[in-house]
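Going by the working numbering, the sequence shown opens with residue 125, and the numbers climb by one from there. Note that CB positions come from ideal geometry on N, CA and C, so glycine has one too. For reference, the structure is listed below as structure tokens.
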Amino acid sequence: MTCRIHPSILSADFANLETELLRIHTADAVHVDVMDGHFVPNLTLGLPVVQRLGQVTGLPLDVHLMIEDADRWAPGYAEAGAASVTFHAEASAAPVRLARELRSAGARASMALRPATPIEPYLDLLPELDMVLIMTVEPGFGGQSFLDVTLPKIRRARQAVDGTGLPIAIQVDGGISRDTIRRAADAGADVFVAGSAVYGAVDPAAAVDTLRNLAGADPAQM
Ligand code: DX5
Ligand code: ZN
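Below, the structure is given as structure tokens:
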């Protein structure tokens, strides 16, 4: 399985985002956390900033929308050129229609689940999606501790995705570090968001490579 690392710029210096993107040149994509202060109790950035980030980086943008009324706002991020747009299942009234809109706007369609949201009601929707994001913390803030209670859901997601035979990615987000990434990888995740573990490092580009190696390491070699 190919393991991909998406650093979250939530832990970057917001006054110097262009420079901060250069510091993660080894990343597979950049994870952009959009929060509206309603779906989560925090406020970050929105469409104009995402548009500008796309102009100054060669990395694909992986936009994670933690906003209410995703049906209304998410397509704009796909039209802005995001490679992937993730909406929350809890914030979409019509996830199939929304996923189709995202794909037809040229983005990969992805759906996120908060820790307490089960995946089972959404299994039939998997063919409409390119990625499922299993939140491994309660969304809203960087620097929280990885929730091991989410591991069984990652395992069930992996089983279901493999059952479709489709190349649907399983992303994990929250508390991913050198200490936790292996547990998430073993459970079946293949795309890893890491904020503080990357930007808290002296050399963020090297931290990305270390995390990728830890995620992809053959357990027999460890
Ligand atoms: C949290 C965000 C995450 C956050 C992860 O709600 O969705 O992307 O930046 O930060 P760490 O890796 O520090 O937990
Ligand atoms: Zn995120």
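Residue i CB to nearest heavy atom of the ligand FMN below 7 Å
i, result
"S132", "Absent from the structure shown: the ligand FMN. Ligands present: the ligand DX5 and the ligand ZN."
Residue of the options minimising C-alpha distance to residue i
i, options, result
"A321", "D297, G312, G340, A309", "D297"
"A233", "P245, V285, P199", "P199"
"A202", "A341, L183, S228, D193", "S228"
"D254", "V220, A309, S135, A339", "V220"
"D160", "S132, R282, N337, A194", "A194"
"P184", "L335, S135, H130, L222", "H130"
"E262", "A341, R196, H212, W197", "H212"
"A231", "A136, L222, V209", "V209"
"V156", "A223, W197, A206, Q295", "A206"
"G267", "V154, S135, M259, L338", "S135"
"T126", "G319, V315, L335", "V315"
"H188", "G182, V180, T181, W197", "W197"
Neighbourhood of residue i by C-beta, 7 Å cutoff - its chain only, sequence neighbours within 5 removed
i, result
"A101", "Shown here, the chain extends from 125 to 346; a query on residue 101 therefore has no answer."
"Q150", "The residue asked about is misnamed: residue 150 is Thr in this sequence, not Gln. Same-chain partners within the cutoff: A329, V332, D333."
"R147", "P328, A329"
"R280", "I243"
Same chain, Cβ closer than 6 Å to residue i, neighbours up to 5 away in sequence not counted
i, result
"F163", "M190, I191, E192, A215"
"L247", "A284"
"P165", "G264"
If contact is defined by three or more beta carbon pairs under 8 Å, each pair taking one atom from either stretch, is the segment 235 to 246 in contact with the segment 323 to 340? no
Does the structure place the segment 167 to 178 close enough to the segment 140 to 156 that three or more beta carbon pairs sit under 8 Å? yes
Got a list of residues with beta-carbon closer than 5 Å to any non-hydrogen atom of the ligand ZN, in chain order? D157, H188, D297
Taking 8 Å as the cut-off, does the segment 261 to 273 touch the segment 283 to 294 (at least 3 CB pairs, one atom from each stretch)? no
Would you be able to state if there are at least three C-beta pairs under 8 Å between the segment 307 to 317 and the segment 242 to 252? no
Quick check for students: name the residue ranges of the alpha helix (DSSP H) that lie wholly in the segment 177 to 250, counting only runs of 4 or more. Whole alpha helix (DSSP H) segments, 4+ residues: 194 to 203, 219 to 228.
Could you tell me which whole alpha helix (DSSP H) segments of length 4 or greater appear in the segment 251 to 327? 275 to 288, 305 to 311, 320 to 323
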